[in-house]
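**Q** Structure below; questions to follow.
Protein chains: 2
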Amino acid sequence: MKTEQRKKIALTGDRPTGPLHLGHYVGSLKNRLVLQKEYNQYVMIADVQALTDNAENPEKVRNNILQVALDYLAVGIDPKQTTIFIQSMIPEIAELTIFYLNLVTVARLERNPTVKEEIKQKGFGESLPAGFFCYPVSQAADITIVNADVVPVGHDQLPMIEQTAEIVRKFNRIYEHVFTEPQALVPTDAGRLPGIDGQGKMGKSLGNAIFLSDSPDEILKKVMSMYTDPGHLKVSDPGKIEGNVVFTYLDIFDPNKTEVQELKSHYQKGGLGDVVLKKRLNTILQDLLAPIRTRRQEFAQDPASVLAMLHDGTQRTRAVAAQTMDRVRKAMKINYF
Amino acid sequence: MKTEQRKKIALTGDRPTGPLHLGHYVGSLKNRLVLQKEYNQYVMIADVQALTDNAENPEKVRNNILQVALDYLAVGIDPKQTTIFIQSMIPEIAELTIFYLNLVTVARLERNPTVKEEIKQKGFGESLPAGFFCYPVSQAADITIVNADVVPVGHDQLPMIEQTAEIVRKFNRIYEHVFTEPQALVPTDAGRLPGIDGQGKMGKSLGNAIFLSDSPDEILKKVMSMYTDPGHLKVSDPGKIEGNVVFTYLDIFDPNKTEVQELKSHYQKGGLGDVVLKKRLNTILQDLLAPIRTRRQEFAQDPASVLAMLHDGTQRTRAVAAQTMDRVRKAMKINYF
């Protein structure tokens, strides 16, 4: 008999500010289906983080919790293999965040490149909420409260993991060695999926997303409106591949790489119309999304079961979080009674 | 039979960074002995706040919790009338702080005059901890978690109460009316007690404090070293009253106001030596502090009972805090299960 080795722990999550889309599927959801077999995987529905810039929209955040959970189940995240939990139901994260805030300077938060970029994008200006400014610290608490070994992230999120590692090192040095430094797990193949308008990445609220819950008609309409090569006016014209969203999607979703290569050559020479390509892509995406949509509809018929699943995952996470806080309190010498 | 009216709720507290001194006695402790009869009074030992600029000194914070509790009991704060609790043992305060951080902008925190002044005094510069920067928000959570109607504070703390009132108004407007706007209760008579060196107010770590736990010898030594009028070299010289710490103390502590008036005239004319005045003040302070010191020594012999008292007060506060958070979760629509 062999000793079973402890599975490593992974943590990821999403802000419940809208249903999930193909960009999430390519960038993280697909990866989680692999990770849940190899890791003890936690997936957090980050409602507290969503509230940092949606404080006046609690209804939106609340409603999207169920939507995001349905998306998870629909793509095949398995609650038996993955612990799905709601961030706000783990008060230990707030406690740990407050203690971590003492280990990070205001100047350091101001230098965080990810937050800097997001602040610019969201155009906060003078109205930047303190909660949003401090969210990298909150994220360090999310990651360490479950003792995550790895955090699957995109390149743009690497500074967040570095911030967490800094906090962990400082905590361990000042108090006691309580936490493992988490490692970023950056997928090698999965790039960022551009929106159908070709204007940067696909975004929930940018009007350029194909949602996992879209109907066949919506998918068709979106594929047909995709950005290609604006200089490709007649079928006989030579067309450009670069920046052509249809080809970017075919590269990602079309299993027949040889045919895609042939289509590219044909398109560049001239004589291949956008509509032919879009129909091909539509078929591929319909095939991908149909079973996801069907499973989503099945789960949506019994929201009480979905909530029960979330409740169960949250309870299990709380048990782990409480143990972590016991160790934190002991290390910080604030375990008075 | 008359309906008993609900007593109004008061909240105050101290940072456990050292034993309490005469400045605390004059500025707040004395007042709390009055308030505990009229109000449902909470007194918080603010260890979480102490850690915002003592993160690397958890031992100091921990050790001073008992010291501060002993000072409370010694001056006559009565655990039957006043609920004394430890801040870090109320995780609901951390939760509420995290939600409040979304309702306050970074720009607003930067403008807080009290924090600005403290940042300057403590000389943080680039090393300002985010937790210290955000502590007015944490203080709003301290105050509202127990639904305090009034907060006894000095003039310098008024901006903190205004910050709390702003957060309360915003919370009530965005979500539901959950909180009462707290009022500052500024004592009319009690001014700030200067340190024995006459250099600004008495401070725990400034080396200019007479502690409630000082021995008779320490008190005598400190009174004898008090700052008077540096121009008053010979007994026959006329002396100045203004800035003369001994007279400031006599004004506050000497019950015989007529005699103090006569001593002032005599001193200004010349012919009255500092030593006579200091001996008089010493007698008054020894009489004031002797019974406090005796009671303190009695309580110090049974630290387990003091801890049990803190445990009890903390449990009662947690019950109230949990009710508050139930209302907060309902209002914010994050009461999922």
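Those sequence lines, one after another, are chains V and A. Each residue of the first sequence is one higher than the last, beginning at 1 in my numbering. Each residue of the second sequence is one higher than the last, beginning at 1001 in my numbering. Here a beta-carbon is modelled for each residue, glycine too, at the ideal position from N, C-alpha and C.
If you measure from the beta carbon of residue 1303 (chain A) to each beta carbon in chain V, is any gap under 8 Å?
**A** Residue 1303 (chain A) does not count as touching chain V.
**Q** Name, in chain order, the residues that DSSP records as bridge partners for residue 13 (chain V).
**A** Note: residue 13 (chain V) sits in a beta bridge opposite V:44.
**Q** In its own chain, which residues sit with a C-beta less than 8 Å from the C-beta of residue 329 (chain V), not counting the 5 before and 5 after it?
**A** Contacts found: 335.
**Q** Kindly indicate which three-state DSSP category residue 1183 (chain A) falls into: helix, strand or coil?
**A** If DSSP states are grouped into helix, strand and coil, residue 1183 (chain A) belongs with the strands.
**Q** Please confirm whether residue 1010 (chain A) and residue 1235 (chain A) have their CB atoms less than 8 Å apart.
**A** No; because the gap between Cβ atoms is not below 8 Å, this pair is not in contact.
**Q** Closer than 8 Å between beta carbons: that is the criterion. Which residues of the stretch 165 to 184 of chain V meet it against chain A?
**A** Against chain A - using a Cβ distance shorter than 8 Å - the residues of the stretch 165 to 184 of chain V are 174 and 175.
**Q** Just the Cα atoms here: how many angstroms apart are residue 1016 (chain A) and residue 1065 (chain A)?
**A** Their Cα atoms are separated by approximately 5 Å.
**Q** May I have a chain-ordered list of the alpha helix (DSSP H) segments no shorter than 4 residues that lie completely inside the stretch 1144 to 1210 of chain A?
**A** Runs found: 1158 to 1174.
**Q** Residues in the same chain with beta-carbon distance under 6 Å from residue 1197 (chain A), minus the five sequence neighbours each way, listed in chain order, please.
**A** Answer for residue 1197 (chain A): 1208 and 1227, listed in chain order.
**Q** At a CB-CB cut-off below 8 Å, which residues of chain V make contact with residue 1133 (chain A)?
**A** In chain order: 106.
**Q** Skipping 5 residues on each side, what residues in its chain have a beta carbon closer than 7 Å to that of residue 1134 (chain A)?
**A** Excluding sequence neighbours, residue 1134 (chain A) sits near 1101 and 1109.
**Q** How far does the alpha helix (DSSP H) with residue 1077 (chain A) in it extend, from its first residue to its last?
**A** No alpha helix (DSSP H) holds residue 1077 (chain A); DSSP gives it neither H nor E.
**Q** Is the CB of residue 336 (chain V) under 8 Å away from at least one CB in chain A?
**A** By this cut-off, residue 336 (chain V) is an interface position.
**Q** Closer than 8 Å by beta-carbon distance: list the chain A residues that pair up with residue 59 (chain V), in chain order.
**A** In chain order: 1333.
**Q** What is the DSSP secondary structure of residue 132 (chain V), counted as helix, strand or coil?
**A** In this structure, residue 132 (chain V) counts as helix in the three-state DSSP scheme.
**Q** May I ask you to report which of helix, strand or coil DSSP gives residue 228 (chain V)?
**A** Three-state DSSP puts residue 228 (chain V) in coil, outside helix and strand.
**Q** Check for me: the beta strand (DSSP E) holding residue 1084 (chain A) runs from which residue to which?
**A** That run of the beta strand (DSSP E) goes 1082 to 1086.
**Q** In chain V, which residues lie with their C-beta within 8 Å of the C-beta of residue 1129 (chain A)?
**A** 101, 102, 103, 104, 105 and 106, listed in chain order.
**Q** Any residues in the stretch 85 to 99 of chain V with a beta carbon nearer than 9 Å to a beta carbon of chain A? Which ones, in chain order?
**A** Those residues of the stretch 85 to 99 of chain V that come within reach of chain A (Cβ to Cβ, closer than 9 Å) are 86, 88, 89, 91, 92, 93, 94, 95, 96, 97, 98 and 99.
**Q** Going along chain V, which residues have a C-beta under 8 Å from residue 1047 (chain A)?
**A** Neighbours of residue 1047 (chain A) on chain V, chain order: 334.
**Q** Measuring only the C-alpha atoms, how far is residue 1285 (chain A) from residue 1253 (chain A)?
**A** Going from the Cα of residue 1285 (chain A) to the Cα of residue 1253 (chain A) covers about 8 Å.
**Q** Report yes or no: do the stretch 1029 to 1043 of chain A and the stretch 1243 to 1253 of chain A share at least 3 C-beta pairs separated by less than 8 Å?
**A** At 8 Å Cβ cutoff, the stretches do not touch.
**Q** Establish whether the CB of residue 1140 (chain A) and some CB of chain V are separated by less than 8 Å.
**A** No, because no Cβ of chain V sits closer than 8 Å to the Cβ of residue 1140 (chain A).
**Q** At the level of alpha carbons, what is the spacing between residue 320 (chain V) and residue 327 (chain V)?
**A** C-alpha separation (whole angstroms): 11 Å.
**Q** Considering Cα atoms alone, identify which of V:116, V:37 and V:302 is closest to residue 83 (chain V).
**A** Answer by Cα proximity: V:37.
**Q** Would you kindly work out how many angstroms separate the C-alpha atoms of residue 1168 (chain A) and residue 104 (chain V), rounded to a whole number?
**A** Using only the alpha carbons, I get a separation of about 27 Å.
**Q** Is the beta carbon of residue 1021 (chain A) sitting closer than 8 Å to the one on residue 1211 (chain A)?
**A** A contact, by the Cβ cut-off of 8 Å.
**Q** Name, in chain order, the residues that DSSP records as bridge partners for residue 1021 (chain A).
**A** A:1211, per the DSSP bridge assignment.
**Q** My understanding is that residue 1155 (chain A) touches residue 1186 (chain A), with C-beta atoms under 8 Å, so please give their C-beta distance in whole angstroms.
**A** About 6 Å separates the two Cβ atoms, so the contact holds.
**Q** Please determine, among V:158, V:35 and V:44, the residue with the shortest C-alpha to C-alpha distance to residue 316 (chain V).
**A** Of V:158, V:35 and V:44, the residue nearest in Cα terms is V:44.
**Q** For residue 1105 (chain A), does the three-state DSSP call read helix, strand or coil?
**A** The answer is strand: DSSP assigns residue 1105 (chain A) an E or B state.
**Q** Report the residue from V:218, V:231, V:56 and V:162 whose alpha carbon sits nearest the alpha carbon of residue 274 (chain V).
**A** Measuring from the Cα of residue 274 (chain V), the nearest candidate turns out to be V:231.
**Q** At which residues does the alpha helix (DSSP H) containing residue 37 (chain V) begin and terminate?
**A** Looking at the DSSP string, the run of the alpha helix (DSSP H) that includes residue 37 (chain V) is 30 to 38.
**Q** Does any CB atom of chain A fall closer than 8 Å to the CB of residue 82 (chain V)?
**A** No, its Cβ sits nowhere closer than 8 Å to a Cβ of chain A.
**Q** Just to make sure I have the definition right: I need the residues of chain A whose C-beta is within less than 7 Å of the C-beta of residue 55 (chain V). Which are they?
**A** What residue 55 (chain V) touches in chain A: 1102, 1103 and 1174.
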